[in-house]
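Chemist: Once you've had a glance at the structure underneath, I'll fire off some questions.
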Amino acid sequence: MLNNYESFDNSETSSRKSALIQERVGLVSTHMYKQFLDYQHATINTNEIFAKMIENIQDVIDIMKESFSSRGITTQNIYIDTDAQKSVIIMNILWQKISFTTRCNFQPQVLYRENLNHLFSTRIMAIRGNYNEIMTGAKDHTEEMARLLDNEVASLFVPAENTHNAILKIRHLGGRELLLNQIDAPREFVLKVIEAVCGGGFYHEEGSRKSFNI
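Have a look at this one:
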């Protein structure tokens with residue numbers, strides 16, 4: 077009889093443990109599901125912005141070619157390349173190289189906010205240099221991200237809601253943020269980056285001095 081009581085007690089304890097696990101795992105799965113949906117929606121918005129960026133960059137390249145050609149300068153080093161997945165754009169404007177990429181969105185992430193209401197978003201990064209050359213030999217996402225951050229010019233953070241502003245952060249302006257509606261963001265992001273890179277130049281190398289911005 078004692079064994080029967082012990083079996084009953086063990087069954088009741090096991091049932092309570094199972095309910096507790098189910099409740100807590102349920103909360104975690106609900107949280108992760110919300111992150112998954114936000115990640116999906118932000119990715120859709122990011123892909124739409126990136127597609128429009130390609131169009132804007134092509135316009136920039138065409139205007140640059142006309143401008144330099146009218147000054148008697150060859151335009152063979154002014155061009156745009158994209159990868160097959162449309163996740164990387166490489167601009168070459170004479171001696172300046174600029175790349176834009178969405179290949180930094182390996183997982184759901186939030187943009188830090190001081191009020192702790194962190195903003196869920198995906199990211200488009202602008203980097204100085206040719207993306208393919210910079211990534212040569214990178215072994216994993218950690219190394220890829222380190223190289224992106226080392227060469228970052230600016231980033232556009234795109235929220236899950238397409239009615240919410242995207243946030244542009246330009247590296248040489250410190251923590252300053254520019255709010256851009258998602259309709260204007262493709263054009264403004266491209267122009268701000270071009271102005272920052274092509275409006276600056278290169279120092280003769282002396283120690284850590286490599287480039288400057290306007």
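Just so you know, we're using the numbering used here here: the sequence shown kicks off at 77 and counts up by one. Glycine included, every Cβ here is placed at the ideal spot set by N, Cα and C.
Can you tell me whether residue 258 is helix, strand or coil according to DSSP?
Modeler: It is coil, neither helix nor strand.
Chemist: Look at the alpha carbon of residue 150 and the alpha carbon of residue 212, and state the distance between them as a whole number of angstroms.
Modeler: Approximately 29 Å between the Cα atoms of the pair.
Chemist: For the beta strand (DSSP E) that contains residue 232, what are its first and last residues?
Modeler: Note, residue 232: beta strand (DSSP E), 228-235.
Chemist: Is it right to say residue 101 is buried, meaning 16 or more other beta carbons lie within 10 angstroms of its own, or is it exposed?
Modeler: Exposed, since its Cβ has fewer than 16 Cβ neighbours within 10 Å.
Chemist: Let me confirm a value: residue 232 is counted as buried when at least 16 other C-beta atoms fall within 10 Å, else exposed. Which label applies?
Modeler: Buried is the call here.
Chemist: Taking DSSP's pairing of strands, which residues face residue 120 in a bridge?
Modeler: Beta-bridge pairing links residue 120 to no other residue.
Chemist: By Cβ distance below 7 Å, which residues in the same chain neighbour residue 227 in space, the five residues on each side in sequence not counted?
Modeler: Closer than 7 Å at the Cβ level, and outside the excluded window around residue 227, lie 203, 204, 205, 210.
Chemist: Residue range of the alpha helix (DSSP H) that residue 208 falls in?
Modeler: Start and end: 207-211.
Chemist: Touching or not, the stretch 161-178 and the stretch 131-140, by the rule of three or more beta carbon pairs under 8 Å?
Modeler: These segments touch.
Chemist: Please name the residue or residues paired with residue 201 in a DSSP beta bridge.
Modeler: Note: residue 201 sits in a beta bridge opposite 177, 231.
Chemist: Could you say if the stretch 255-264 and the stretch 141-155 meet the contact criterion of at least three C-beta pairs nearer than 8 Å?
Modeler: Output reads no: the stretch 141-155 does not touch the stretch 255-264.
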